[in-house]
Each structure stands twice: as structure tokens, then as C-alpha cells.
Amino acid sequence: CFAIGIMLAIQGIETLKTFGAQSQVILGIALSVTREFSPLIIGILVAGRSGSSIAARIGTMNESQEIDALQVMGINPVRYLASPILIAMLIMLPLLVILGDFMGLLGGAVYSYIDLNISFAAYAERSFEILSIDDISQGLIKSVVFAGIIALVSLSNGFQVSGGAEGVGKATTRSVVMSISLIVLADMIFTYFLNR
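Quick note on numbering: the sequence shown equals residues 533 to 728 in my numbering.
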């Protein structure tokens, strides 16, 4: 997200030079990072990294009949395997988004200092003036939904694996593609309704 903040600063400054309003770049960076880019980028990264891992692990357990063994022992595999994953996603993704917000704003601050000589203190002060609880909560709400999407899609693909190692690979790929597609779709819907 640090690089995203820098890219937003570069694009924003160049665009706003046309109007002589380069100092307003902080507004664009602060709102874009917290509302949109941080939740979306973090969601995509977690879908690729953790979503694939979840699908592969559950799929391998399914193929090696470990899930059947849990059922024979009277252990509910959904409660035993899926619940901790879902809870962990719902906790960690918003925390990662908060970290992403900070890093994105820091990236914008670094480039704004280099190009416009805006001090870090002035940048931080202006960012706090611009951002409201609604802006930050919008990104956090998205992150909770994205966490649910990643966990549920990855778990469902993992539990449906058949066909050995090839099936595990297909389920892993399918879970990543489905998760990212649903995250982008959910983000579009959220953005439409939360900014009206």
C-alpha cells in the first residue's frame, strides 16, 4: 500500500497541476486510500496468499480422508476446521487494512514531501482534518465482507475437492479466481451505495 500511496501522489499532483491545486492532493490520497485502495489491495493479496492456502489445505485433507476421519470420531469438520478460519479472517483482514491505510498515507506523504515540500506534520494534520470516521469505517466494513468472501469461497472449494492432487490444484486456482472476482464485484457495489 506504500507504493499505492506514492502512485496516487504522483498521479494526483500531475493532474492537479493543470488547475494549480497540487496541495489538494492530500484530499485525494486520504480518501482514495482509506475508502478504496487499501481494502481492495489487501483483499486481493489475502485472497491470493491465504485463500489459496486454505483451499489447498482443506482439499488435501478431504482427499486424504482426514475430514471423513473427523466425522467418524464425532467431530463436526465445519465447526472444527471452518470456524477458526472464518474468525481469523474476520479479525485479521480489518487489522491489515488499518496497516494498509497507514502505509498508503505514508507513501503519499513521502512523495508529497519530495515533490511539493509538504512536511510530514502538515500532511498528517491535513489528513486528520479530511478523514472522518465514516471514511475509515467504509474501508473496514468492506474488509469484513472481503474476509467473509475469501474464507467461504476457499473453504467451499476445499471441501468439494475430488480427483487427487490435480483436483486440489484446480480447487486452489478456482478459489483464488472466484474470491478476487467476488471481491471486485462487492467493492463496486459498496462504492456505488456508500458514495451516493
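Glycine residues also receive a C-beta, built at the ideal position from the N, C-alpha and C atoms.
Measuring only the C-alpha atoms, how far is residue i from residue j?
{"i": "I623", "j": "S555", "result": "36 Å"}
{"i": "G560", "j": "S584", "result": "33 Å"}
{"i": "R589", "j": "Y643", "result": "41 Å"}
{"i": "P571", "j": "A697", "result": "33 Å"}
{"i": "S713", "j": "I619", "result": "22 Å"}
{"i": "I576", "j": "F569", "result": "10 Å"}
{"i": "N727", "j": "G632", "result": "21 Å"}
{"i": "A553", "j": "N649", "result": "14 Å"}
{"i": "G655", "j": "F725", "result": "This sequence places Tyr at residue 655; Gly is not what is there. Approximately 29 Å, taken between the alpha carbons."}
{"i": "F534", "j": "A641", "result": "10 Å"}
{"i": "M593", "j": "T550", "result": "58 Å"}
For residue i, I'd like the list of residues in its chain whose CB is within less than 6 Å of its CB, leaving aside the five on either flank, ordered along the chain.
{"i": "A562", "result": "S659, I662, L663"}
{"i": "S564", "result": "L540"}
Pick out whichever of the options has its Cα sitting closest to the Cα of residue i.
{"i": "A614", "options": "V676, I599, G695, V604", "result": "I599"}
{"i": "G639", "options": "T566, V693, F551, G606", "result": "T566"}
{"i": "S596", "options": "V709, V700, L717", "result": "V700"}
{"i": "S711", "options": "N727, I574, M539", "result": "I574"}
{"i": "R706", "options": "Q692, I668, A718", "result": "Q692"}
Near residue i, which residues of its chain fall below 8 Å by C-beta distance, leaving aside the five closest residues on each side in sequence?
{"i": "M621", "result": "V578, S582, A679, G680, I682, A683"}
Is residue i helix, strand or coil when you go by DSSP?
{"i": "A553", "result": "coil"}
{"i": "G606", "result": "coil"}
{"i": "V693", "result": "coil"}
{"i": "I650", "result": "coil"}
{"i": "S582", "result": "helix"}
{"i": "S596", "result": "coil"}
{"i": "R611", "result": "helix"}
{"i": "S664", "result": "coil"}
{"i": "R728", "result": "coil"}
Could you tell me whether the Cβ atoms of residue i and residue j are closer together than 8 Å?
{"i": "G537", "j": "G636", "result": "yes"}
{"i": "T704", "j": "A587", "result": "yes"}
{"i": "G580", "j": "V708", "result": "yes"}
{"i": "P616", "j": "V676", "result": "no"}
{"i": "G690", "j": "G591", "result": "yes"}
{"i": "V629", "j": "G671", "result": "yes"}
{"i": "Y645", "j": "F652", "result": "yes"}
Whose C-beta lies closer than 7 Å to the C-beta of residue i among residues of the same chain, with five residues either side of it excluded?
{"i": "K674", "result": "P571, D719, F722"}
{"i": "V557", "result": "A541, G544, I545, L548, S644"}
{"i": "S686", "result": "G583, I586, A587, S707, S711"}
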